[in-house]
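Trainee: The opening residue of the sequence shown carries number 528 in our numbering; numbering runs sequentially from there.
We put the CB at the ideal spot given by N, CA and C, even for glycine.
No experiment lies behind these values; they were computed from the predicted model shown.
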Amino acid sequence: MAIQNIIVSTNTAISVQSFSLTGTTAVDLLSISLVTDDDINTNTINVTGNSGNDLITVNLVAEDNISNNNITLSGGDGNDLIELTLVASSYISNNTILVNGDAGNDTINIVLAGYSSTISNNSITANGGTGNDVITINLSQAYSSDVQSNTVVADGGIGNDTINIVLQNGTSNLDNNDVTAIGDAGNDIINVSLLGMEGSSVSSNTVTINSGTGNDTINIILENGTSDLDDNDVAVTGGTGNDIINVSLLGADGDYVSSNNVNIDSGTGNDSITVLLTGGTSTMQNNDITITAGDGNDAINVSLLETYSTGIVSNTVNIDGGNGNNNIKVLMNCGTDELSNNDVTINSGTGVDIISVKFISFTSSIYSNSVNINSGTNNDIITLEFNNGSYSISSNDININGGSGNDLISAKLLSGSSTISNNNITLDGGTGNDLINLELLSGDSSVSSNDITVNGDTGNDQISITLVGADADVYSNTIDVNGGAGVDNISISLSGGSDTAVYSNTITIDGGAGKDTINLDINGLFSDLTQVNGTGTTATTTTLAKNDINLVYNALADLGDLINGLPDTAGEAVIFQFNRAVFNGDADLDGFLDSSPCLSPNFSYDQGQGKLFYDRNGLASGGSVLVADFDSSIAITADNITFF
């Protein structure tokens, strides 16, 4: 073993000097130690181990500053241990550090430890080279100063590498640092932590990870102290392989968690991706999360959790699961403030996908959020839930498309004691035999002015829509259902409490081609109701409009539906709407209805059996076709038939 040492210990500055050691082809122990009560600055340090299993240690300890030094350490071939430590009571700044492990299973440790002043503007690069390498880089400021504007690059090279990077500040800020970790080929483990201690913010940092090919594990944590966690950019590329990627932005006891960007591309393979944002003592807002999982069976979990008395506002989550059988979950759970103006978009491509989106706020409103889900082809399960304890759910925009395949789509808006209103909801099963379930349930308040569109498209679909105001009115909702081609089962239920009303709702059903079953359970008004409130000169009159039920027929193939659930008294509320071009409607005689044979195409109704017929041949034989079969003796007149 060859041993070479350089030791300098002084109470004056060590500056503008060159220190160099070169090892042999054997096992070398190469050491440089510079210790001073003053500065260490503007020095050049070069250590080369050459081949062999070498130990290289370089220690710089200054009572004042360590700055503007140029340090290059190379292990050469072999299994090397390289350790570099910079410790200063004041600034550690503007140093350029390059460490190369070269070929072999190398261990590289780099530590910059400051005390009372900033660690800033240092450039640190560590290359493991080929082999199974362990690289650890730690920049730590213990007291009241910053860790800022440093550039850290760690490249493990080919092999199964472990990379650990930690930036930790004292009671000031951790900001504007640029951290890059590269795994290259091999099964790599990459851990990056940016940790702000008490009284500090973590802001405007950039973290870039490229793990390369192989089954990689990536863990990224950004955590603030008692100030903001904001304006950070995190980008992860997993490459080919079955990767595990975890990104956490933790507003532990701090202020805003805001304007952070997280961009993950896991590449092909069966990947597990978890993104967690937790809020501080102010609003979690304006964060942008984009995940592209690529092909493979991926598990994706995104959670925004606010446990304090603050809200989750104006965040964007965009997920592309790619092809494969994906399991995707998005959860937004806020504290005691609003959950609003968030935008969630999910595209999952081909494969059997399970997609779940939940918005939860038990003590504040859920409003003006946008959710767009497209599950692509195959048999998918999609669940959406907005759950609110005691405040309103309003003005949300929800669009779900199951694509082709036999899909299960379930959407629930649940409010314990407040209104559910002015939401726009579109559910499209796409082609296939789909099961679509929509529930708007309010415990103590009304369900009103929601705009609901459900499309079954091609296939034998089952569609269920339920609106319940347990102790309040259900009114002014618009529900449009298009079953599409196929034998569909469509169920609509509207109900209020014992002392409330279900009124002024408009339900339009186009069953499409096929003999469909339509079940209507409407516990409400089928004719206008006038109420007189008060007596004498102070009396006021209120009119509650009836519910309107529109049954649409565009083609002869649409005829033959079974309609259940309407009472005999519901005739005034039911309107048949026929395509004029197909059913020979007369612009001047929309409501033509005849119970006796006639020359022209006509409609006839058998009230005793509750059957409406259309005869396109008039007196000729063979033209009578059943339009609809009611399970009641509902009254149908010419006023119930219109054309468009």
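Could you work out which residue in Gly1041, Val1001, Ser1131 and Asn1091 is closest to Asn1173 when comparing CA atoms only?
Mentor: With the chain covering 528 to 1171 only, the question about residue 1173 has no answer from this structure.
Trainee: Among the candidates Ser775, Val614, Ile583 and Asn845, whose CA atom is the shortest distance from the CA of Gly603?
Mentor: The residue with the shortest Cα to Cα distance from Gly603 is Ile583.
Trainee: Go ahead and pull the three-state DSSP assignment for Gly996.
Mentor: Strand at Gly996.
Trainee: Closer than 8 angstroms, CB to CB, is Asn842 near chain D or not?
Mentor: Judged by its chain identifiers, the structure shown contains no chain D, having just a single protein chain.
Trainee: What does the alpha-carbon distance come out to for the pair Asp1117 and Phe1103?
Mentor: Confidence is the limiting factor: at Asp1117 the pLDDT is only 44, short of 50, which leaves the residue's position unreliable, though a coordinate-based value still follows. About 11 angstroms.
Trainee: May I ask you to report which of helix, strand or coil DSSP gives Phe1110?
Mentor: In the structure shown, Phe1110 sits in a helix (DSSP, three-state: H, G or I).
Trainee: How long is the line joining the alpha carbons of Ser643 and Val614, rounded to whole angstroms?
Mentor: Spanning the two alpha carbons is a distance of roughly 11 angstroms.
Trainee: In chain order, what residues of the same chain lie with their CB nearer than 6 angstroms to the CB of Asp591, ignoring the 5 residues before and after it?
Mentor: Correct list, in chain order: Asp565, Asp566 and Ser617.
Trainee: With a Cβ-Cβ cutoff of 8 angstroms, do Glu912 and Leu935 count as a contact?
Mentor: Cβ atoms of Glu912 and Leu935: not closer than 8 angstroms.
Trainee: Do the segment 1135-1144 and the segment 1039-1049 meet, that is, are 3 or more Cβ pairs less than 8 angstroms apart?
Mentor: No: fewer than three Cβ pairs fall under 8 angstroms.
Trainee: Along the chain, where does the beta strand (DSSP E) containing Glu1099 start, and where does it finish?
Mentor: Element bounds for Glu1099: n/a, residue is neither H nor E.
Trainee: Going by beta carbon distance, what residues of the same chain come within less than 6 angstroms of Asn689, once the five residues before and after it are set aside?
Mentor: Reading off the sequence, residue 689 comes out as Thr, not Asn. If we look at Thr689 and ignore the five residues flanking it on each side, its Cβ neighbours are Val661 and Ile716.
Trainee: Leaving out the 5 sequence neighbours to the left and right, which residues in its chain are closer than 6 angstroms to Ile839 when beta-carbon positions are compared?
Mentor: Contacts found: Met811, Leu831, Glu833, Met859, Cys861 and Leu866.
Trainee: Determine which residues share a DSSP beta bridge with Gly956 and list them.
Mentor: Answer is none; Gly956 lacks a bridge partner.
Trainee: Let's see if you can read the secondary structure: which residues bound the beta strand (DSSP E) around Asp673?
Mentor: Element bounds for Asp673: n/a, residue is neither H nor E.
Trainee: According to the neighbour-count rule (16 or more other Cβ atoms, all chains shown, within 10 Å of its Cβ), is Phe1171 buried or exposed?
Mentor: Exposed, by the Cβ-count rule.
Trainee: Within this structure, are the beta carbons of Asp633 and Gln675 separated by less than 8 angstroms?
Mentor: Taking 8 angstroms as the Cβ cut-off, Asp633 and Gln675 do not qualify as a contacting pair.
Trainee: Apart from the five residues just before and just after Asn532, which ones in its own chain have a Cβ nearer than 7 angstroms to its Cβ?
Mentor: Here the set comprises Ser558.
Trainee: From Ser919, Val638 and Thr678, pick the residue whose C-alpha is nearest to that of Gln668; which is it?
Mentor: Among Ser919, Val638 and Thr678, the Cα nearest to that of Gln668 is on Val638.
Trainee: Using the DSSP secondary-structure output, state which residues sit across from Ser542 in a beta bridge.
Mentor: According to DSSP, Ser542 bridges with Asn568.
Trainee: Counting along the chain, where does the beta strand (DSSP E) carrying Glu912 start and finish?
Mentor: It spans Ile908 to Asn915 - the beta strand (DSSP E) in which Glu912 sits, taken as one unbroken run.
Trainee: Suppose you measure from the CA of Ala826 to the CA of Ile800; what does that come to, to the nearest Å?
Mentor: So the two alpha carbons sit approximately 6 angstroms from each other.
Trainee: Can you say whether Gly1010 is buried or exposed, counting buried as having 16 or more other CB atoms within 10 angstroms of its CB?
Mentor: It counts as buried.
Trainee: Tell me the rounded alpha-carbon separation between Thr890 and Ser841.
Mentor: The straight-line gap from Cα to Cα measures roughly 19 angstroms.
Trainee: Have a look at Gly1098 and Ile1006 and give me their C-alpha separation to the nearest angstrom.
Mentor: Answer to the nearest angstrom: the Cα atoms are 19 angstroms apart.
Trainee: Where DSSP assigns a beta bridge to Asn1077, which residues make up the other side?
Mentor: BP columns for Asn1077 point to Thr1035 and Ile1102.
Trainee: Under the rule that 16 or more other beta-carbon atoms within 10 Å means buried, what is Gln544, buried or exposed?
Mentor: It is exposed - the Cβ of Gln544 has fewer than 16 other Cβ atoms within 10 Å.
Trainee: Just to confirm the assignment, what range does the beta strand (DSSP E) spanning Tyr1132 have?
Mentor: Residues Asn1129 to Asp1133.
Trainee: Nearest CA to the CA of Asn538: which residue from Val562, Leu548 and Phe546?
Mentor: Nearest option by C-alpha distance: Val562.
Trainee: Report the rounded CA-to-CA distance for Ser547 versus Ile709, giving the unit in angstroms.
Mentor: Cα to Cα, Ser547 sits roughly 29 angstroms from Ile709.
Trainee: Suppose contacts are defined by Cβ-Cβ distances below 8 angstroms. Is Val789 in contact with Ile816 by that definition?
Mentor: Yes, they are a contact pair.
Trainee: In chain order, what residues of the same chain lie with their CB nearer than 6 angstroms to the CB of Asp1156, ignoring the 5 residues before and after it?
Mentor: Only Leu1089 and Lys1138 meet the Cβ criterion.
Trainee: Could you tell me the alpha carbon to alpha carbon distance between Ala529 and Thr753, rounded to whole angstroms?
Mentor: Computed Cα separation, rounded: 51 angstroms.
Trainee: Using three-state DSSP, classify Asn597 as helix, strand or coil.
Mentor: Here Asn597 sits in strand by DSSP.
Trainee: So, under 8 angstroms CB-CB, Ser1003 and Ser975 are touching, yes? Tell me the CB distance rounded to an integer number of Å.
Mentor: Sure, about 5 angstroms apart at Cβ, within 8 angstroms.
Trainee: Taking the continuous beta strand (DSSP E) assigned at Thr817, which residues delimit it?
Mentor: Note, Thr817: beta strand (DSSP E), Asp815 to Thr819.
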